Amino acid sequence: MALGYVGILTVRVEMPWVSNLKEKRALVRPVVERLKARYPLTVARLDGLDAHDWEVIGVATLSNDYGWVEETLRMAADFIAREGEYRVAWEETDITVLGGDQDEED
């Protein structure tokens, strides 16, 4: 039996019309802060911090319920996609089993 599940969501957002870092941060940072306030997640701006037209946002959560982790990450992905003035270029979700049988939910 699994002890729990760690879920990671990675999302790349792109804003090719943005011309400077200040403008990009003004688009991305509020979404990241609202996401942290709304859901039980850890959220970080991971990559592209020095690029003015794209950024990678990382989201993580932990629970003993696989379905809850999966649903929470889906809600986070939907929130990121609808709340920002950018386009989502790609997203990736990974849920890892902690302890127990690794094939339990695969």
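Just so we're aligned, residue 2 is where the sequence shown starts under my numbering, counting upward by one. Beta carbons are placed, not taken as given, at the ideal position from N, Cα and C, and that holds for glycine. Given the structure is predicted, the values throughout are model-derived calculations rather than measurements.
Skipping 5 residues on each side, what residues in its chain have a beta carbon closer than 7 angstroms to that of residue i?
i	result
E105	Its pLDDT being 49, under 50, E105 is placed unreliably in this model, and the value from its coordinates should be taken loosely. Same-chain partners within the cutoff: A3, V98.
N21	H53
What do you reckon, are the CB atoms on residue i and residue j nearer than 8 angstroms?
i	j	result
I58	V44	yes
D54	V7	no
E24	R88	no
L28	L36	no
L63	L10	no
Give me, in chain order, the residues of the same chain whose beta-carbon lies closer than 6 angstroms to that of residue i; leave out the 5 immediate sequence neighbours on both sides.
i	result
N65	G5
E92	V12, A78
What would DSSP say about residue i, mapped onto helix, strand or coil?
i	result
V19	coil
A27	helix
D51	coil
For residue i, count the other beta carbons within 10 Å of its own beta carbon; 16 or more makes it buried, fewer makes it exposed. Which is it?
i	result
A78	buried
L50	exposed
E34	exposed
E86	exposed
E1	No statement about residue 1 is possible, as the shown extent of the chain runs from 2 to 107 and does not include it.
Quick one: give me the first and last residue of the alpha helix (DSSP H) that residue i is part of.
i	result
G100	Segment: none, G100 is in no alpha helix (DSSP H) and carries neither H nor E.
For residue i, which residues of its own chain have a beta-carbon under 8 angstroms away from its beta-carbon, when the five flanking residues on both sides are left out?
i	result
R39	F80
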